[in-house]
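In UniProt numbering, the protein residues as written are 1 to 233. Idealized CB from N, CA, C, for every residue including glycine. Here's the structure we're looking at; comments come further down.
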């Protein structure tokens, strides 16, 4: 029966390509292990192209593509305190309204800006707002109104924010004066200093007035009194 050619052809047709364990191992290797090795090689090739080759040498670690100064800045940023107090010079010159506008307001009130915000030089949009007065517009800018967040407490003083408000409002048809630092801040300081010196002088005067007068020293005996005493003896 095995000598039948038709039988042998049928048997070979139903037999798989794997005829021994060696072929099975090769099939498993090329089916699973080889694709994984190819993927790892591709990933390694792609990653290796984004960094320089070689070992990190020197203090600046230049082969990593990051300098020592940059690493120090990043470290200081990570260690920076959440809250910080910035001491400003009270006598520094005030920023101009245009400078404050370009630094803090232009994103919304410039061109094209955002819908609903009065843009610079748009008299029609600023017209209804100008009637509210400078004080109200400044309060809206500092504390926020509607979609506009508060602008106070940032990089600029409230007075500088007011200058930006005046700059935009005047560009829209207002005639607001540019706010300046008042001289009243220096006058109270001088008055306080003079008041303190006067207050210090007044207790001294009171103390001198309240001090009792020292008793007068007894008068020295006169020459006639001394002669009379000696005669009586």
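Closest residue to residue i among the options (Cα-Cα distance)
i: residue 151; options: 106, 20, 28; result: 106
i: residue 238; options: 129, 169, 114; result: Only positions 1 to 233 of the chain appear in this structure, which leaves residue 238 out of reach.
i: residue 141; options: 160, 42, 125, 76; result: 160
i: residue 133; options: 112, 111, 118, 166; result: 166
i: residue 95; options: 116, 118, 155; result: 155
i: residue 139; options: 19, 164, 46; result: 164
i: residue 169; options: 35, 74, 97; result: 97
i: residue 136; options: 123, 110, 176; result: 176
i: residue 145; options: 117, 126, 110; result: 117
i: residue 183; options: 70, 104, 91; result: 91
i: residue 153; options: 180, 104, 124, 125; result: 104
Assumed close pair residue i, residue j - CB separation to whole angstroms, cut-off 8 Å
i: residue 121; j: residue 172; result: 7 Å
i: residue 130; j: residue 93; result: About 28 Å; that fails the 8 Å criterion.
i: residue 237; j: residue 18; result: Beyond the ends of the chain as shown, which are 1 and 233, falls residue 237; an answer cannot be given.
i: residue 119; j: residue 110; result: 7 Å
Run of the alpha helix (DSSP H) containing residue i, from where it starts to where it stops
i: residue 100; result: 97 to 100
i: residue 140; result: 134 to 143
i: residue 22; result: 21 to 28
i: residue 128; result: 123 to 130
i: residue 155; result: Taken as a continuous stretch (DSSP letters only), residue 155 belongs to no alpha helix (DSSP H), as it is neither H nor E.
i: residue 106; result: 106 to 109
i: residue 74; result: 68 to 79
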